[in-house]
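Residue numbers (my numbering), protein chains in the order written: chain A, 1 to 257; chain B, 1 to 257.
2 protein chains.
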Amino acid sequence: MSSKPTSNVVDIAHLRKSCRACSLRDLCLPLGLDSDDMERLESVVHSRGPIRPGEHLFREGDTFHAIYAVKTGALKTYNVDSQGREHVLGFHIPGELAGLDGIYPGKNRCNAVALQATSVCVLPFSRLEEVIHEVPGLQTQVLRLMSRELSASAQLATDHSADERLAGFLLNLSRRSERRGLSPRRLSLPMPRRDIASHLRLATETVSRLFARFQEEGLLTVRRRDVEIMDMETLERLGTAYDIDNGAGGARRPQST
Amino acid sequence: MSSKPTSNVVDIAHLRKSCRACSLRDLCLPLGLDSDDMERLESVVHSRGPIRPGEHLFREGDTFHAIYAVKTGALKTYNVDSQGREHVLGFHIPGELAGLDGIYPGKNRCNAVALQATSVCVLPFSRLEEVIHEVPGLQTQVLRLMSRELSASAQLATDHSADERLAGFLLNLSRRSERRGLSPRRLSLPMPRRDIASHLRLATETVSRLFARFQEEGLLTVRRRDVEIMDMETLERLGTAYDIDNGAGGARRPQST
DNA sequence: CTGCGAATTTGATTGAGATCAATTTTCCGC
DNA sequence: GCGGAAAATTGATCTCAATCAAATTCGCAG
Numbered sequence: 001m002s003s004k005p006t007s008n009v010v011d012i013a014h015l016r017k018s019c020r021a022c023s024l025r026d027l028c029l030p031l032g033l034d035s036d037d038m039e040r041l042e043s044v045v046h047s048r049g050p051i052r053p054g055e056h057l058f059r060e061g062d063t064f065h066a067i068y069a070v071k072t073g074a075l076k077t078y079n080v081d082s083q084g085r086e087h088v089l090g091f092h093i094p095g096e097l098a099g100l101d102g103i104y105p106g107k108n109r110c111n112a113v114a115l116q117a118t119s120v121c122v123l124p125f126s127r128l129e130e131v132i133h134e135v136p137g138l139q140t141q142v143l144r145l146m147s148r149e150l151s152a153s154a155q156l157a158t159d160h161s162a163d164e165r166l167a168g169f170l171l172n173l174s175r176r177s178e179r180r181g182l183s184p185r186r187l188s189l190p191m192p193r194r195d196i197a198s199h200l201r202l203a204t205e206t207v208s209r210l211f212a213r214f215q216e217e218g219l220l221t222v223r224r225r226d227v228e229i230m231d232m233e234t235l236e237r238l239g240t241a242y243d244i245d246n247g248a249g250g251a252r253r254p255q256s257t
Numbered sequence: 001m002s003s004k005p006t007s008n009v010v011d012i013a014h015l016r017k018s019c020r021a022c023s024l025r026d027l028c029l030p031l032g033l034d035s036d037d038m039e040r041l042e043s044v045v046h047s048r049g050p051i052r053p054g055e056h057l058f059r060e061g062d063t064f065h066a067i068y069a070v071k072t073g074a075l076k077t078y079n080v081d082s083q084g085r086e087h088v089l090g091f092h093i094p095g096e097l098a099g100l101d102g103i104y105p106g107k108n109r110c111n112a113v114a115l116q117a118t119s120v121c122v123l124p125f126s127r128l129e130e131v132i133h134e135v136p137g138l139q140t141q142v143l144r145l146m147s148r149e150l151s152a153s154a155q156l157a158t159d160h161s162a163d164e165r166l167a168g169f170l171l172n173l174s175r176r177s178e179r180r181g182l183s184p185r186r187l188s189l190p191m192p193r194r195d196i197a198s199h200l201r202l203a204t205e206t207v208s209r210l211f212a213r214f215q216e217e218g219l220l221t222v223r224r225r226d227v228e229i230m231d232m233e234t235l236e237r238l239g240t241a242y243d244i245d246n247g248a249g250g251a252r253r254p255q256s257t
């Protein structure tokens, strides 16, 4: 990868896939790595895309060989259960990883499909494992990212009312939007209502009605997939229990046994 | 750690905490390590317990400094939300890890309490990170275990009816029991109904009624916390969507885009 | 611009599981 | 063994969100 580029075109291609030049480097795996370590990471990464909306990146049961980092666009991951029902596990926006759950059994445990035109970095797992081993900072970062996924997933599995879940979901998107340097108030939802509903274990109609109600109550302005948060404080009060990255780690008050 | 033992007592103490001598080594972190690597792992591990029922191992908001492997007994992990409601995240039986979700923010994200008299191995994280770095097989095993947790947690977050959830829960316990070399049919539940209910997002009364119904239908014989699975096949049909370790990775049939 | 299918919204009704309310059983400490 | 408290069960009722059923709006190919 450090061989002389044969033309300008190659240069540009290289730059595009470079972690060091990537605007997402502080959200993604490279976070905390120095330039040398990032270079080593780059050596195993390659780019893929654009993937068209509706096209799959991987499918449940496929042999697991890579994890993926979203560069642009958005993915959803989902399962289909034995009765043919679809369950949306999560949404992945730029800077986020997908496919981590396939490591264990060596097969992908879910399907990943593009919601929009999407490009990703492909991280072939066997080579990534080697680099993780060589770069301690990367090891730390991988463990952190997986740990964060674990918290997020555990939160989702908890029991809350429909409004708490939707409020928490929107708050979560807001935080993720903010981390990417976008507005925490203006969201452009990459997924249809049906997918939000499935993800939150609700009916599509319920999600629609909740959006309507939140709007009536002055929490949001909703126009199709464009959402503006008008009353962040109330939304937070509603959704906090559902939110992941509430900073400190969630200690609210000590409680005796 | 390889210095001459000063007495027999020390020998026994050492043996007790030794990964190499541990009956759980094939379920836990040491899986796949050779004797030398296990010895290195041992050098960072220490034992703790017994922890009495109701006593906490760690609490949400505590500074994260270790993960824990259950040796005997059982733990539950839970959160308390902003409205004081308890949410049971999971149960941990011998050979399983707890506390992995604290890595990311550096604070524990949940509370862990003993359900029975419980002893654990303490794995101080900073030292564990070093050993992971030195022992490639351990790195692989840690990634696998975290990946498995991720799948398990994602499964829990999916939408299923009350009977599917309870059936899946029991199946899951059955598999875990089997992995430990115990009977997959005879379960001794370490937790009260209330905790099962919270974990499955159900009311205690609903869990009780479901146990009664499953018994009527000949699926189970239930006597308080002792459960015998009488009709594994039907239970599997009900609960499969909810179960984690269904071997192959869950690919049922390919589905066109 | 027009029309068609998909997505979304809105309304009416139903139902699974929660909640409220008693018992009954079990578990322990004394 | 006895008494009391916690756990579990059982029954009656209620409620939130699902389902069923249209109506609207939107996106887009022709």
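Idealized CB from N, CA, C, for every residue including glycine.
Its chain contains Cys28, Pro30, Lys71 as the residues whose beta carbon lies nearer than 8 angstroms to that of cysteine 22 of chain B, once the 5 sequence neighbours on both sides are disregarded; these appear in chain order. Within the same chain, Val122, Leu123, Pro124, Phe125 come within 6 angstroms of alanine 66 of chain B by CB-CB distance, once the 5 residues on both sides are set aside.
Taken atom to atom, the span from the alpha-carbon of phenylalanine 64 of chain A to that of histidine 87 of chain A is near 20 angstroms.
Among the residues of chain B, those whose CB is under 8 angstroms from the CB of histidine 133 of chain A are His133, Pro136, Gln139, following chain order.
For aspartate 231 of chain A, there are no neighbours in chain B by C-beta distance under 8 angstroms, as the nearest C-beta there is about 17 angstroms away. In the structure shown, phenylalanine 214 of chain B adopts helical secondary structure according to DSSP, grouped into three states. Not one beta carbon of chain A lies nearer than 8 angstroms to the beta carbon of alanine 212 of chain B.
Contact check for alanine 98 of chain B against alanine 112 of chain B passes: the beta carbons are separated by less than 8 angstroms. In this structure aspartate 36 of chain A is exposed. Its beta-carbon is surrounded by fewer than 16 other beta-carbon atoms within 10 angstroms. Its Cα nearest to that of leucine 220 of chain A, the residue A:Leu171 stands out among A:Arg59, A:Leu171, A:Pro192, A:Gly102. Going by beta carbons, cysteine 19 of chain A and valine 44 of chain A fall outside the 8 angstroms limit.
Residue state for threonine 77 of chain B is assigned as strand, using DSSP reduced to three classes. Residue pairing by DSSP places histidine 46 of chain A opposite A:Val122 in a beta bridge. As summarised for the segment 153 to 227 of chain A, the continuous beta strand (DSSP E) elements at least 3 residues long and confined to that stretch are 186 to 188, 220 to 223, given in chain order. From the beta-carbon of serine 153 of chain B, the residues of chain A found nearer than 7 angstroms are Leu150, Ser153, Ala154, Ala157. When rounded, the separation of the alpha-carbon atoms in methionine 191 of chain B and glycine 168 of chain A is 29 angstroms. Judged by pairs of C-beta atoms under 8 angstroms, the segment 156 to 168 of chain A touches the segment 223 to 239 of chain A, as three or more such pairs exist. Taking all protein chains shown into account, alanine 74 of chain B has 16 or more neighbouring C-beta atoms within 10 Å of its C-beta and is therefore buried. In the three-state reduction of the DSSP assignment, glycine 90 of chain A falls in the strand class. In the DSSP assignment, histidine 56 of chain A is bridged to A:Val113. Residues of chain B with a Cβ closer than 8 angstroms to the Cβ of isoleucine 51 of chain A do not exist, since the nearest Cβ in that chain sits about 11 angstroms away. Using a CB distance below 8 angstroms, the part of the segment 103 to 128 of chain B facing chain A consists of Ile103, Tyr104, Pro105, Gly106, Lys107, Asn108, Arg109, Cys110, Val113, ordered along the chain.
As DSSP reads the structure, valine 70 of chain B sits in a beta bridge with B:Val120. Contact note: arginine 179 of chain A does not reach chain B at a C-beta cutoff of 8 angstroms; the least C-beta distance is about 14 angstroms. Here DSSP, grouped into helix, strand and coil, assigns leucine 97 of chain B to strand.
Listed along chain B is no residue with a C-beta nearer than 9 angstroms to that of serine 208 of chain A; the closest approach is about 17 angstroms. Per DSSP, the continuous alpha helix (DSSP H) segment holding arginine 237 of chain B begins and ends at 232 to 239. By DSSP's assignment, threonine 140 of chain B forms no beta bridge with any residue.
Serine 35 of chain A is outside the set of residues whose beta carbon lies under 8 angstroms from a beta carbon in chain B. If you draw a 10 Å sphere on the C-beta of aspartate 195 of chain A, you find 16 or more other C-beta atoms in it, and that means buried. The beta-carbon of leucine 143 of chain B is placed less than 8 angstroms from the nearest beta-carbon of chain A. Residues are counted here when their Cβ sits less than 8 angstroms from a Cβ of chain A; for the segment 182 to 211 of chain B these are Ser198, Arg201, given in chain order. Under the 8 angstroms criterion on CB atoms, leucine 57 of chain B is classed as non-interfacial with respect to chain A. If the five residues before and after threonine 234 of chain B are omitted, its C-beta is found closer than 7 angstroms to the C-beta atoms of Leu219, all from its own chain and listed in chain order.
Leucine 143 of chain A and tyrosine 68 of chain B have their C-alpha atoms some 16 angstroms from each other. Within chain A, the C-beta atoms nearer than 7 angstroms to that of histidine 87 of chain B come from Thr158, Asp159, in chain order.
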